[in-house]
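A.B. asks:
Chains as they are written, first to last, in the working numbering: chain L, 1 to 374; chain C, 1001 to 1374.
1) In chain C, what lies closer than 8 Å to residue 229 (chain L) by C-beta?
2) Alpha carbon to alpha carbon, how far is residue 170 (chain L) from residue 365 (chain L)?
3) Output the distance between the C-alpha atoms of residue 97 (chain L) and residue 1097 (chain C), rounded to the nearest integer angstrom.
4) Skipping 5 residues on each side, what residues in its chain have a beta carbon closer than 6 Å to that of residue 1347 (chain C)?
5) Assuming residue 257 (chain L) and residue 238 (chain L) make a contact with CB atoms under 8 Å, what is their CB distance in whole Å?
6) If you scan the region 13-65 of chain L from start to end, which runs of the beta strand (DSSP E) of 3 or more residues do you find wholly inside it?
7) For the region 1090-1103 of chain C, list every residue whose C-beta sits within 7 Å of some C-beta in chain L, in sequence order.
8) Flag this pair as yes or no: are the beta carbons of residue 1338 (chain C) and residue 1010 (chain C) separated by less than 7 Å?
9) Any Cβ of chain L within less than 7 Å of the Cβ of residue 1292 (chain C)?
10) May I ask you to verify whether the region 1079-1097 of chain C touches the region 1342-1360 of chain C, counting CB pairs closer than 8 Å and requiring at least 3?
11) With DSSP as the reference, please indicate the residues paired to residue 370 (chain L) in a beta bridge.
12) Rounding to the nearest angstrom, what Cα-Cα distance links residue 985 (chain C) and residue 160 (chain L) in this structure?
13) Contact criterion: CB-CB distance below 7 Å. Does residue 266 (chain L) meet it with respect to chain C?
14) Please look up how many angstroms separate the CB atoms of residue 1262 (chain C) and residue 1275 (chain C), rounded, as I've assumed it's under 8 Å.
15) With contact counted as at least three CB pairs below 8 Å, one residue from each stretch, are the region 223-238 of chain L and the region 269-285 of chain L in contact?
16) Buried or exposed, going by whether 16 or more other CB atoms sit within 10 Å of the CB of residue 144 (chain L)?
17) State the CB to CB distance for the pair residue 1280 (chain C) and residue 1209 (chain C), rounded to an integer number of angstroms; the pair is presumed to be in contact (CB under 8 Å).
18) Indicate whether at least one CB of chain C lies closer than 7 Å to the CB of residue 25 (chain L).
19) Taking any Cβ of chain C, which residues in the region 53-85 of chain L have a Cβ under 7 Å from it, in chain order?
20) For a contact defined as C-beta to C-beta under 9 Å, what are the partners of residue 1137 (chain C) on chain L?
21) Say whether the region 1185-1195 of chain C touches the region 1019-1027 of chain C, bearing in mind that this needs 3 or more beta-carbon pairs closer than 8 Å, one atom from each stretch.
22) Closer than 9 Å between beta carbons: that is the criterion. Which residues of the region 1119-1143 of chain C meet it against chain L?
23) Tell me whether the region 1031-1051 of chain C and the region 1073-1080 of chain C touch, counting them as touching only if at least three CB pairs, one residue from each stretch, are closer than 8 Å.
24) Going by DSSP in three states, residue 1098 (chain C) sits in which element: helix, strand or coil?
25) Return helix, strand or coil for residue 1274 (chain C), following the three-state DSSP convention.
26) Among the candidates C:1131, C:1033, C:1080, whose CA atom is the shortest distance from the CA of residue 1375 (chain C)?
27) Between which residues of its own chain and residue 1324 (chain C) is the CB-CB distance below 6 Å, once the five residues before and five after are set aside?
28) What are the uninterrupted segments assigned as beta strand (DSSP E) that are 3 or more residues long and contained completely in the region 241-306 of chain L, given in chain order?
29) Residue 152 (chain L) lies in the beta strand (DSSP E); which residues open and close that run?
30) Assign residue 1156 (chain C) to buried or exposed, taking buried as 16 or more other Cβ atoms, counted over all protein chains shown, within 10 Å of its Cβ.
31) Taking the straight line between their C-alpha atoms, what separation do you get for residue 1271 (chain C) and residue 1295 (chain C)?
32) Can you tell me where the alpha helix (DSSP H) holding residue 122 (chain L) begins and where it ends?
33) Let me know if residue 363 (chain L) comes out buried or exposed under the rule of 16 or more other beta-carbons within 10 Å of its beta-carbon.
34) Can you find the residues in the same chain that come closer than 6 Å, C-beta to C-beta, to residue 217 (chain L), ignoring five residues on each side of it along the sequence?
35) Starting from residue 1211 (chain C) and walking both ways along the alpha helix (DSSP H), at which residues does that stretch end?
36) Within 10 angstroms of its Cβ, does residue 193 (chain L) collect 16 or more other Cβ (buried), or is it exposed?
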């Protein structure tokens, strides 16, 4: 990192189904909370970067950068970035570049999504924008379908069982019990996951992250300091269509971005104690453990078994992950950074990673946060 | 500028109605042309930034960063940025930050839009995403409606006549005659503009930029050099809704971004000889001349009268502007930079400005290019 960048403010709405709040209200709530938490005068924000995937379809609203800027005094320069469900991490990465370039000293990064204002059909089709509209959409696939194919193939290659897969959501739901911002604060047994409605064989309803409304905002600064310092920010890209991949049971973009991030921070995998990963579907959570090097290929579920038995050395998705905390798509990457900071602090751990991707590992963003108070 | 950034490659599709080409094909055509013009190995591109506003609605396609990256060898890191019709300039600004940060040395910036795959109703509603979905959309306004209000108010405040307004499109259409990439290569008399179909009083059909398909790509680099050097990149923001403005006959975001850009480049207005401005509607072209300081308030049409009579000291929208070259919205800001470079070279002029905005001056991006060969 060319500059010392600190996480100096953080704000979240609770993720959920917010029939009584507009997208603007969710953004306003999160940024207000972030600004109050920072003790920084809002006039010091010199750039706003908004992560959003769906608002043009779900809310008839583009130009969310200037919309968010207009909620602030002085209307700072603003933009929106998008990389499907990986928009949040890409917004953080963009903020990093602006801070390192010296063009900004204090950046407000906001991720927001209002997914429940349209029918499930519309939101499902809109989410398919994260795949390839020419190669994937005409097949009738949806994202549960894509990850169903991935899960089937993974089970075939590595012998993962349905019962093992169900452990993932049980861990995430248990973690969410302590998170006041989580959409679902209810414990689940692995058996309940296995018995839930079949969505896309072998994936069942409780393998899937929900449709959510919510916003997350953080303030990154080179001017102001906190105990939480960003030590790496990397993104990597892959084909939007899984039909163009050498394998569908591993995501090279995760491996590339994480390897680069460890290099940037001069760290090894074993230095990381807190991990927020992109568990859009339970099978993704298992693959993520492998792509991030916390397990060998085909053995990712072992980490989740250890987490379930509370004997893992790692803190993974302590806020409930996408499954239980909710997944307002572009807000997720920002929420992960906020949660990583929170759990580094509470666990008195030094390094945490956030892993956020769009599509099926199509764009991956990795951030490593250091708790300098340890 | 913290680094010397050069425009080392440029590629355009002709703007128009491309029923036989997909969005991907338009992007591929523009980036192929940009790479060939640069004499750079495509593997040297280490970041792709795609400007796009509408593809989620018009093409069911998000994640255009990774889609574009997948057309290149090595699949570089990639993202999409959006600021409505100002997306192109904001993408260039983002590229500037990445180049100055040292995170990238050679960036491919692409703007692309495929607007003709959906009905006019759908594209008109999608374009209203550039306004405020809560404050403006429920009124039934469209963008021709918004600029019709702006034109009415401008005529009331400054006494501009319908006949004077018609000069703007006549100038732009004449300029487009020499541009092989222009959508409309046909001369128009001011009388023809005044007699064209009424769209939104006082604006007529030939006051309005068209719905267009097209792509523009440029390569910016700190590693490779050319005669064309970027000397300023600035963006500024305003409210998406004109209902929240102190005036609707001037766009403060243009004034702010241009003033900052002149400061960044240590230039004065009189140093600028080439200007590519955002003439989405003829009235905008007149307001732009005033906001950019080439005319006093209320006197912008004088510049167009001088251009029409070929006695202006400025080269304005030499490729035909948005009106005659076409306006595939997010491609426009990139095309402007390419055109500014082309016209600086042909006119042997030293400094050119590009002025691109989203909405009604909601996000404005200004770039100043220097022709170092002069």
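Note that CB positions come from ideal geometry on N, CA and C, so glycine has one too.
C.D. replies: In short:
1) By 1-based counting over the first chain, the position of residue 229 (chain L) is 229. The contacting residues do not exist; residue 229 (chain L) stays about 17 Å from chain C at best.
2) What you label residue 170 (chain L) is simply residue 170 of the first chain in a count that begins at 1. What you label residue 365 (chain L) is simply residue 365 of the first chain in a count that begins at 1. For residue 170 (chain L) and residue 365 (chain L), the distance between alpha carbons rounds to 26 Å.
3) Within the first chain, the letter at position 97 stands for residue 97 (chain L). Within the second chain, the letter at position 97 stands for residue 1097 (chain C). So the two alpha carbons sit approximately 6 Å from each other.
4) Numbered from 1 along the second chain, position 347 holds the residue referred to as residue 1347 (chain C). Non-local C-beta neighbours of residue 1347 (chain C) in its own chain, meaning closer than 6 Å and more than five positions away in sequence, comprise 1315, ordered along the chain.
5) Position 257 of the first chain, counted from the start, is the residue given in the question as residue 257 (chain L). Position 238 of the first chain, counted from the start, is the residue given in the question as residue 238 (chain L). Their Cβ separation, rounded to whole angstroms, is 10 Å, which puts residue 257 (chain L) and residue 238 (chain L) out of contact at 8 Å.
6) 47-51
7) 1090, 1094, 1097, 1098, 1100, 1101, 1102, 1103
8) Counted from its first residue, the second chain places residue 1338 (chain C) at position 338. Counted from its first residue, the second chain places residue 1010 (chain C) at position 10. Yes. Within cutoff.
9) Position 292 of the second chain, counted from the first residue, corresponds to residue 1292 (chain C). No, because no Cβ of chain L sits closer than 7 Å to the Cβ of residue 1292 (chain C).
10) yes
11) Taking the first residue of the first chain as 1, we reach residue 370 (chain L) at position 370. Here residue 370 (chain L) is bridged, per DSSP, to L:229, L:351.
12) Outside the displayed range of chain C (1001 to 1374) lies residue 985 (chain C), so it cannot be described from this structure.
13) Taking the first chain and counting its residues from 1, the one referred to as residue 266 (chain L) is at position 266. Residue 266 (chain L) does not count as touching chain C.
14) The residue given as residue 1262 (chain C) occupies position 262 in the second chain. The residue given as residue 1275 (chain C) occupies position 275 in the second chain. With a beta-carbon spacing of about 13 Å, residue 1262 (chain C) and residue 1275 (chain C) fall beyond the 8 Å limit used to define contacts.
15) no
16) Against the first chain, residue 144 (chain L) aligns to sequence position 144. Buried, since its Cβ has 16 or more Cβ neighbours within 10 Å.
17) Position 280 of the second chain, counted from the first residue, corresponds to residue 1280 (chain C). Position 209 of the second chain, counted from the first residue, corresponds to residue 1209 (chain C). Going by Cβ atoms, the distance from residue 1280 (chain C) to residue 1209 (chain C) rounds to 5 Å, so yes, they are a contact pair.
18) Residue mapping note: residue 25 (chain L) aligns to position 25 of the first chain, counting from 1. No, no contact with chain C.
19) Of all residues in the region 53-85 of chain L, 53, 56, 57, 59, 60, 61, 62, 63, 65, 66, 67, 69, 70, 75, 76, 77, 78, 79, 80, 81, 82, 83, 84 have a Cβ within less than 7 Å of some Cβ in chain C.
20) Sequence index remark: in the second chain, residue 1137 (chain C) carries index 137 (1-based). Under the 9 Å cutoff, chain L gives 60, 61.
21) Segments in contact, no.
22) 1125, 1126, 1127, 1128, 1129, 1130, 1131, 1132, 1133, 1134, 1137
23) The region 1031-1051 of chain C, when compared against the region 1073-1080 of chain C, does touch it at the 8 Å Cβ threshold.
24) As a working mapping, residue 1098 (chain C) is identified with position 98 in the second chain. Residue 1098 (chain C) falls in the helix class under three-state DSSP.
25) The count along the second chain starts at 1 and reaches residue 1274 (chain C) at position 274. In the structure shown, residue 1274 (chain C) sits in a strand (DSSP, three-state: E or B).
26) Nothing about residue 1375 (chain C) can be read from this structure; chain C reaches only from 1001 to 1374.
27) Mapped onto the second chain, residue 1324 (chain C) falls at position 324. Closer than 6 Å at Cβ, skipping near neighbours: 1172, 1173, 1176, 1182, 1184.
28) DSSP runs (the beta strand (DSSP E)) wholly in the region 241-306 of chain L: 272-276.
29) The sequence position of residue 152 (chain L) within the first chain is 152, counting from 1. Counting along the chain, residue 152 (chain L) falls outside any beta strand (DSSP E), though it belongs to the alpha helix (DSSP H) covering 143-158.
30) Residue 1156 (chain C) sits at position 156 when you count from the first residue of the second chain. It is exposed - the Cβ of residue 1156 (chain C) has fewer than 16 other Cβ atoms within 10 Å.
31) Position 271 of the second chain holds residue 1271 (chain C). Position 295 of the second chain holds residue 1295 (chain C). If you take the alpha carbons of residue 1271 (chain C) and residue 1295 (chain C), they lie about 15 Å apart.
32) Position 122 of the first chain holds residue 122 (chain L). Residue 122 (chain L) -> alpha helix (DSSP H) spans 120-127.
33) One-based indexing of the first chain puts residue 363 (chain L) at position 363. Residue 363 (chain L) comes out buried.
34) Position 217 of the first chain, counted from the first residue, corresponds to residue 217 (chain L). Contacts found: 11, 30, 31, 34, 110.
35) Counting from 1 along the second chain, the entry for residue 1211 (chain C) is found at position 211. That residue, residue 1211 (chain C), is in no alpha helix (DSSP H); it is neither H nor E in DSSP.
36) As a position in the first chain, residue 193 (chain L) is number 193, starting the count at 1. Classification of residue 193 (chain L): buried, given that the 10 Å Cβ count is 16 or more.
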